[in-house]
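Here's the structure we're looking at; comments come further down.
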Amino acid sequence: MRSISDSDSCGSEEEMAVKKGPWTEEEDSILINYVNIHGEGHWNSLARSAGLKRTGKSCRLRWLNYLRPNVRRGNITLQEQLLILDLHSRWGNRWAKIAEQLPGRTDNEIKNYWRTRVVKQAKQLKCDVNSKQFRDAVRYVWMPRLMERIQASSYAHGHDKTNNNMCNTNNESSDEAKPIMACDNSLLVSSEPQSLSHATTTSSCNLIGDGRLSWDSAENNGSMSTTLWQHWDYSDLQAFEPAYGFGDADLWTDENICFLQHHLAHDF
DNA sequence: AACGGACTCAACCGCATATTG
DNA sequence: CCAATATGCGGTTGAGTCCGT
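For what it's worth, the working numbering labels the leading residue of the first sequence as -13, then goes sequentially.
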């Protein structure tokens, strides 16, 4: 990055006129046109040159989270949820880093998802979202169940996956990073975690060289299923949309909450 | 229909880091 | 090396919307 070279037009009165709040269509249009011509970056000078009474930060955020091509909005798919849970278990609140693995998703959206869905469930379970108990619950209960549902969805809809349309209306471009996730039917999943009591680690499955996830058997001590993450290929995040009836609301059922509460009460 | 609480998500804020002169 | 500035990131807020009563 560089310092802006212009020193003329950033007077203090202009600072006073900085606009905040929701962006208008006109502002969006100005920003899009300007970036299309001049490219991204130099946000402060961009804001001034384009005539936007916004801070550079605001312009950058608006572009990255909303106006940029390829931004995906709308429901987080099961595959994306699974990946978020997995990556968060390893990287914590590194939202930008996690977002890199979910093409089209922004750190802001993932952060919002985490706060509105996952943290909410932790509260229902009366445990801290960063506690070992909750992390283990996510790892050994929610993630396997997510995979079950993904697999079920795969079997139900696998033959016409290529015709699936995405919920969002944004265009996908060919130069976007290759999505990490795809489901293939070789996935093996245990139907129930036998126990939570031997969960002693916080990391879960591992991304291996070719982009697949594999279960780390070294961590897989105790009674946990060893067949959980046998063959997980991520290449089509959009294959299964909540429209098929497997939205996240379907995942966090009362039944599952009770199941978790039972284990949290007895195993920890 | 009206109200209030819960929820969502776009946007802002503060801080840390990177870059430039 | 240092100060000034830009950028990036994570946490937080609050307006709009949804939903139950």
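In this text, a Cβ means the ideal position worked out from N, Cα and C, and glycines have one as well.
For R48, which option in W9, N19 and H28 has the closest C-alpha, if you only look at C-alpha atoms?
W9
With distances taken between CB atoms, is the gap from I62 to Y99 smaller than 7 Å?
yes
Smallest Cα separation from G42: which of V4, K106, R103 and E95?
V4
Rounded to whole angstroms, what is the Cα-Cα separation between Y52 and R34?
20 Å
Pick helix, strand or coil for S140, following the three-state DSSP scheme.
helix
I84, buried or exposed, once every other Cβ within 10 Å from all chains shown has been counted against 16:
buried
How long is the line joining the alpha carbons of R255 and K112, rounded to whole angstroms?
Residue numbering for the chain in the displayed model covers -13 to 254; residue 255 lies beyond these limits and cannot be assessed.
What does the Cβ neighbour count give for D114, buried or exposed, with the cut at 16 atoms within 10 Å?
exposed
Under 7 Å, do V57 and G90 count as touching if we go by C-beta distance?
yes
Same chain, Cβ closer than 8 Å to I16, neighbours up to 5 away in sequence not counted:
A36, G37 and L38
Cβ-based burial, I96 [other Cβ within 10 Å; buried from 16]:
buried
So within the region 93 to 135, which uninterrupted alpha helix (DSSP H) runs reach at least 4 residues, ignoring any that extend past its ends?
93 to 99, 105 to 110 and 118 to 123
Tell me whether Q87 sits in a helix, a strand or coil according to DSSP, three-state version.
coil
Let me make sure I understand the geometry here. Which of E12, E11 and S44 has the alpha-carbon closest to that of G27?
S44
Put K39 into one of helix, strand or coil per three-state DSSP.
coil
K6 versus Y20: straight-line alpha-carbon distance, rounded:
19 Å
Is it buried or exposed for A123, if we count other Cβ within 10 angstroms and need 16 for buried?
buried
What is the DSSP secondary structure of W77, counted as helix, strand or coil?
helix
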